[in-house]
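Using this note's numbering, read the sequence shown as starting at 4 and increasing by one per residue.
Here a beta-carbon is modelled for each residue, glycine too, at the ideal position from N, C-alpha and C.
These notes concern the structure reproduced below.
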Amino acid sequence: MGNHFLAGMSLLLIINLFWEWKIGTFSKRSDREKKAFFVLWGLAWIVVISISQFPPWTSPRQWIDFVYKPLLLWLKHPA
Numbered sequence: 004m005g006n007h008f009l010a011g012m013s014l015l016l017i018i019n020l021f022w023e024w025k026i027g028t029f030s031k032r033s034d035r036e037k038k039a040f041f042v043l044w045g046l047a048w049i050v051v052i053s054i055s056q057f058p059p060w061t062s063p064r065q066w067i068d069f070v071y072k073p074l075l076l077w078l079k080h081p082a
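What follows is the structure, encoded as structure tokens:
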């Protein structure tokens, strides 16, 4: 998708981290929720970089399904 997508999504991810850290209720969350947030945030960076830099015949939906489905199943699993 190119560098415009990478720049836009990078800006959104940085704003999201700032929002959660400074303005949101990040300090009131449990450790598991904090870890899950950072795992999701890191995976979002991986997806953004891979979508923007890899061949166009791989659709964003394929990358999202490959990365996020196992994580969502892990988060829905009762602790």
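- In this structure, the straight-line span from the alpha carbon of Glu-23 to that of Trp-60 is close to 34 Å.
- In this model, Arg-32 and Trp-44 are separated by some 16 Å (Cα to Cα).
- Distance from the CA of Asp-34 to the CA of Leu-20, rounded to the nearest whole angstrom, comes to 16 Å.
- Annotated three-state conformation of Pro-81 is coil, per DSSP.
- Burial state of Val-51 is buried, judged by a 10 Å Cβ sphere holding 16 or more other Cβ atoms.
- Of all alpha-carbon atoms in Tyr-71, Trp-48, Leu-76, Glu-36, the one lying nearest the alpha-carbon of Leu-16 is that of Trp-48.
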